[in-house]
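Step one of this worksheet: look at the structure below.
Number of protein chains: 2
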Amino acid sequence: MRNFEYYCPTRLVFGEGRIAKLPDLIPSGCRSLMIVFGGGSVRKNGVYEQVKAAIGNIPHTEFWGIEPNPCVETIRRAVEQGKRASVDFVLAVGGGSVIDATKLIVAALCTDMDAWEIVLSKKAEQTKPFGTVLTVPATGSEMNSGAVISRADTKEKFAFSSAHPVFSILDPKVTYSLSSHQVACGLADAFVHVIEQYLTLCGESRVMDRFAEGVLSTVIEIAPSLVKRHDDYDLMCDYMVSATAALNGMIAWGVTQDWATHMIGHEITALSGLTHGASLVIVLPAMMRVLREQKRQKLLQYAERVWNLHVGTEDERIDRAIELTEDFFCSLGLPTRLEDAGIGREIEDEVVRRFRDRSVSFGEGRNVDADCCRVIFDCCRSSRAKK
Amino acid sequence: MRNFEYYCPTRLVFGEGRIAKLPDLIPSGCRSLMIVFGGGSVRKNGVYEQVKAAIGNIPHTEFWGIEPNPCVETIRRAVEQGKRASVDFVLAVGGGSVIDATKLIVAALCTDMDAWEIVLSKKAEQTKPFGTVLTVPATGSEMNSGAVISRADTKEKFAFSSAHPVFSILDPKVTYSLSSHQVACGLADAFVHVIEQYLTLCGESRVMDRFAEGVLSTVIEIAPSLVKRHDDYDLMCDYMVSATAALNGMIAWGVTQDWATHMIGHEITALSGLTHGASLVIVLPAMMRVLREQKRQKLLQYAERVWNLHVGTEDERIDRAIELTEDFFCSLGLPTRLEDAGIGREIEDEVVRRFRDRSVSFGEGRNVDADCCRVIFDCCRSSRAKK
Chain A
3 MRNFEYYCPT RLVFGEGRIA KLPDLIPSGC RSLMIVFGGG SVRKNGVYEQ
53 VKAAIGNIPH TEFWGIEPNP CVETIRRAVE QGKRASVDFV LAVGGGSVID
103 ATKLIVAALC TDMDAWEIVL SKKAEQTKPF GTVLTVPATG SEMNSGAVIS
153 RADTKEKFAF SSAHPVFSIL DPKVTYSLSS HQVACGLADA FVHVIEQYLT
203 LCGESRVMDR FAEGVLSTVI EIAPSLVKRH DDYDLMCDYM VSATAALNGM
253 IAWGVTQDWA THMIGHEITA LSGLTHGASL VIVLPAMMRV LREQKRQKLL
303 QYAERVWNLH VGTEDERIDR AIELTEDFFC SLGLPTRLED AGIGREIEDE
353 VVRRFRDRSV SFGEGRNVDA DCCRVIFDCC RSSRAKK
Chain B
3 MRNFEYYCPT RLVFGEGRIA KLPDLIPSGC RSLMIVFGGG SVRKNGVYEQ
53 VKAAIGNIPH TEFWGIEPNP CVETIRRAVE QGKRASVDFV LAVGGGSVID
103 ATKLIVAALC TDMDAWEIVL SKKAEQTKPF GTVLTVPATG SEMNSGAVIS
153 RADTKEKFAF SSAHPVFSIL DPKVTYSLSS HQVACGLADA FVHVIEQYLT
203 LCGESRVMDR FAEGVLSTVI EIAPSLVKRH DDYDLMCDYM VSATAALNGM
253 IAWGVTQDWA THMIGHEITA LSGLTHGASL VIVLPAMMRV LREQKRQKLL
303 QYAERVWNLH VGTEDERIDR AIELTEDFFC SLGLPTRLED AGIGREIEDE
353 VVRRFRDRSV SFGEGRNVDA DCCRVIFDCC RSSRAKK
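Taken in order, these protein sequences are the chains called A and B. Per the working numbering, the first sequence starts with residue 3, numbered consecutively. Per the working numbering, the second sequence starts with residue 3, numbered consecutively.
Laid out in structure tokens, this is it:
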């Protein structure tokens with residue numbers, strides 16, 4: 003097991019009707035609150051009314067319009083508004099994009115630095131405190147300090163580290179109005195987050211392996227019912243808990259991490275606009291195929307414990323586990339090939355070019371570089387229908 | 003899934019050599035530190051020297067002599083010493099007893115209330131900040147806000163709620179000098195902590211069930227090697243992580259909890275001095291047997307997922323799972339019957355009398371009262387050798 007530090011001070015407030023607790027959670031000294039929203043779905047699902055009713059007469063301003071894959075251009079406007087209002091607490095009401103945007107807003111509120119410079123600096127020096135009301139289980143951003151921000155004019159997308167939310171409210175009923183595609187992408191995102199922390203080296207921690215396998219097994223178990231109907235409270239609870247636990251650090255104690263799938267996925271999204279979760283399900287099966295020797299032992303454990311594959315040769319079990327993974331994503335209605343998702347060669351070329359220009363290499367072996375990325379693209383290009 | 007709040011702000015600093023990080027972890031403004039120790043084992047295993055070397059010239063005072071099952075009488079002396087020194091940060095160096103005692107010390111430092119009154123009030127109003135250097139993985143106290151305190155003159159033992167440690171340092175190498183009995187009791191404690199949060203109702207959370215089963219499976223897997231030798235770094239890592247994860251709230255999100263085994267175990271310890279973990283392994287198998295109908299569905303899940311029991315009737319699988327649980331504790335060298343542990347009828351009678359006097363009832367069904375406790379004692383009285 004590797005040395006590690008774990009610090010996750012977010013207060014998680016989970017369950018039906020918990021938005022009403024906002025007045026107890028927002029610091030009592032708060033004199034100017036800014037509430038950050040996305041595109042307006044919260045007006046339809048009742049969340050907006052619940053939030054407004056809960057905050058009562060706490061002085062506040064609203065910022066609307068954080069887009070999926072939040073852009074620094076939009077965030078700059080929120081920062082201006084927040085500075086004008088001398089905001090001392092920010093409440094993010096939305097999914098991972100709204101929360102990620104808020105993580106940059108609270109950093110930019112404390113400095114004269116441009117927001118994009120903060121992203122490029124990799125870590126915010128100082129932040130205003132903030133809380134969240136989560137509406138889309140997927141990114142885990144509600145209980146970690148990370149954020150991913152896009153820049154529209156250059157089609158770039160980078161991660162940076164900010165602060166943890168002071169609190170996050172998770173009411174499973176809020177998610178009933180999500181579309182099947184949103185739920186599918188959220189499940190895929192949670193699944194791949196776990197894989198990034200699991201499918202690396204064997205034998206680093208029995209407990210972390212079990213935790214990771216536990217979340218994967220749960221996502222696989224609940225997905226078929228969940229993509230059909232989103233109003234099963236118990237299923238939604240497990241979906242929400244899976245997505246949060248997948249990326250709050252709890253399954254990462256002392257284990258080697260990967261994140262190469264995310265690095266490639268981010269570029270695809272930045273260049274094509276494809277939803278984050280949808281980009282990951284294309285890259286992951288190819289990543290497993292290309293790095294099968296490096297990941298052999300863990301793939302075998304994954305095959306056995308997550309997919310219950312006990313018979314056949316080692317290679318047959320690995321083949322089958324990768325196939326079942328890809329089948330699983332397809333069963334969620336998500337294409338697993340670039341061609342099926344409408345991603346053309348020009349995007350592949352640009353991702354490879356960027357990796358080469360930046361001289362980057364990712365993954366637990368630091369060997370997912372531009373060349374390896376090209377091989378991965380070769381492996382997930384052709385339509386699956388042509389198999 | 004039940005509504006829940008989760009808040010665990012302790013910074014976990016894990017790994018070899020991490021005690022040297024103390025100067026970065028103790029708040030820089032600390033003007034008077036008190037270090038709380040147990041009986042002196044830290045002088046033999048090098049921890050004392052590491053701590054002293056790390057804190058350098060931070061002004062500090064030492065308090066020695068916290069006993070196993072820490073007594074309020076000892077704690078009062080520590081509080082007096084701390085008040086005289088105007089202590090503003092406390093460092094607990096030891097196992098669960100030292101950490102639990104420190105949780106009461108930091109509360110009593112903030113008030114004129116007697117320490118036992120704080121325990122009886124169930125929750126400390128205010129505390130000084132504190133950190134820990136853990137030397138015995140068992141109670142999970144290093145990452146939660148709970149503590150259990152004894153009173154020597156009345157032989158009472160009660161839990162109360164204090165604050166979380168600001169940080170906890172877990173260096174697996176520190177545990178190499180533990181005795182086999184200490185490791186056995188620590189493993190048993192961690193195991194039963196998980197069971198208290200798991201063996202109640204079925205279907206409340208798939209993720210929490212998987213997490214709980216993951217810790218149980220790990221403890222079962224590592225125990226045989228671990229009780230024989232304590233210098234296997236990787237095994238010790240998993241033992242430490244299991245004990246911490248067993249009681250830091252991570253496996254308790256939204257699930258019904260039990261804790262009846264602990265309530266009976268605490269009384270046995272208070273009256274007989276039996277080590278905490280050793281008391282639990284006597285009560286638990288009997289608890290499973292007596293409440294088998296109430297816990298039937300979860301016992302079946304436990305049998306299947308933790309003990310891999312897939313054949314036989316339901317009752318056969320439950321019988322076997324309980325037997326394997328008791329065998330497991332015996333394999334750690336811990337007696338699982340009152341007679342084998344030298345606990346006489348007079349102690350049984352006193353526990354039952356106390357429960358009756360206090361009109362208490364425990365467990366997820368609130369039905370473990372004085373009468374039920376008597377039935378449980380009947381079930382774990384006779385020596386196992388007589389079976």
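The C-beta atom is built at its ideal place from N, Cα and C for all residues, glycine as well.
Nearest by alpha-carbon distance to residue 31 (chain A): which of A:337, A:19, A:301, A:61 is it?
A:61
So which residues of chain B does residue 11 (chain A) contact, with C-beta pairs closer than 7 Å?
11
Compute the Euclidean distance between the alpha carbons of residue 348 (chain B) and residue 131 (chain B), then round it to the nearest angstrom.
42 Å
Under a CB-based cut-off of 8 Å, is residue 143 (chain B) close to chain A?
no
For residue 289 (chain B) and residue 378 (chain B), which I take to be in contact (beta-carbon distance under 8 Å), what is that distance rounded to the nearest angstrom?
The pair is a contact, with the Cβ atoms about 6 Å apart (cut-off 8 Å).
Interface residues of chain A around residue 224 (chain B) at Cβ under 9 Å?
208
Strictly under 8 Å for the Cβ-Cβ distance: is residue 148 (chain B) near chain A by that measure?
no
In terms of alpha-carbon separation, which member of B:78, B:175, B:156, B:272 lies closest to residue 150 (chain B)?
B:272
Take the Cβ of residue 29 (chain A) as the centre, count every other Cβ of all protein chains shown within 10 Å, and call the residue buried at 16 or more, exposed below.
Exposed.
Check residue 62 (chain B) in the structure and name its three-state DSSP category.
strand
Does the Cβ of residue 351 (chain A) have 16 or more other Cβ atoms within 10 Å, making it buried, or fewer, making it exposed?
exposed
Measuring CA to CA, which of B:101, B:81, B:203 is closest to residue 63 (chain B)?
B:81
Are residue 262 (chain A) and residue 364 (chain A) close, meaning C-beta to C-beta below 8 Å?
Yes. Within cutoff.
For residue 135 (chain A), report the span of its beta strand (DSSP E) as first-last.
132-136
Are any of the Cβ atoms in chain A nearer than 8 Å to that of residue 216 (chain B)?
yes
Give the straight-line distance between the Cα atoms of residue 208 (chain B) and residue 146 (chain A), rounded to the nearest whole angstrom.
22 Å
Reducing DSSP to helix, strand and coil, say where residue 265 (chain A) ends up.
Three-state DSSP puts residue 265 (chain A) in a helix.
Only counting runs of 3 or more residues, tell me where the beta strand (DSSP E) segments fall wholly within the region 246-326 of chain A, in order along the chain.
none
When we look at the beta-carbon of residue 269 (chain B) and count the other beta-carbons within 10 Å, is it buried (16 or more) or exposed?
By the 16-neighbour rule on beta-carbons within 10 angstroms, residue 269 (chain B) is buried.
Give the secondary structure of residue 157 (chain A) by DSSP, where H, G and I count as helix, E and B as strand, and everything else as coil.
coil
Counting C-beta neighbours from all protein chains within 10 Å, is the total for residue 226 (chain B) 16 or more, i.e. buried, or is it exposed?
Counting the other Cβ atoms within 10 Å of the Cβ of residue 226 (chain B) gives fewer than 16, which makes it exposed.
Quick one: grab the DSSP three-state call for residue 141 (chain A).
coil
Straight-line CA distance for residue 1 (chain A) to residue 234 (chain B)?
Because chain A in this structure spans residues 3 to 389, residue 1 (chain A) falls outside the shown range and cannot be described.
So, does the region 86-94 of chain A touch the region 125-139 of chain A, judging by three or more C-beta pairs under 8 Å?
yes
Quick one: what's residue 1 (chain B) bridged to in DSSP?
Coverage of chain B is limited to positions 3 through 389, which leaves residue 1 (chain B) absent and any answer about it impossible.
In the structure shown, what three-state DSSP assignment does residue 203 (chain B) receive?
coil
Considering Cα atoms alone, identify which of B:107, B:326, B:341, B:20 is closest to residue 162 (chain B).
B:107
Can you give the beta carbon distance from residue 139 (chain B) to residue 247 (chain B), rounded, assuming they're within the 8 Å contact cut?
That belief does not hold up - the Cβ atoms of residue 139 (chain B) and residue 247 (chain B) are roughly 11 Å apart, past 8 Å.
Applying the 10 Å Cβ sphere with the 16-neighbour rule, what's the burial state of residue 382 (chain A)?
buried
Is residue 110 (chain A) near residue 103 (chain A), with beta carbons less than 8 Å apart?
no
Taking buried to mean at least 16 other C-beta atoms within 10 Å of its own C-beta, is residue 281 (chain B) buried or exposed?
buried
Tell whether a beta-carbon distance below 8 Å holds between residue 274 (chain B) and residue 342 (chain B).
Their beta carbons are not under 8 Å apart, which means residue 274 (chain B) does not touch residue 342 (chain B) by this criterion.
Which same chain residues end up closer than 6 Å to residue 307 (chain A) when comparing Cβ atoms and leaving out the 5 residues on each side of it in sequence?
215
Kindly say whether residue 204 (chain B), judged by its beta-carbon, lies nearer than 8 Å to any beta-carbon of chain A.
So, not an interface residue.
Identify each residue in the region 25-59 of chain A for which the Cβ-Cβ distance to at least one residue of chain B is less than 8 Å, and report them in chain order.
none
Is the beta carbon of residue 13 (chain B) sitting closer than 8 Å to the one on residue 169 (chain B)?
yes
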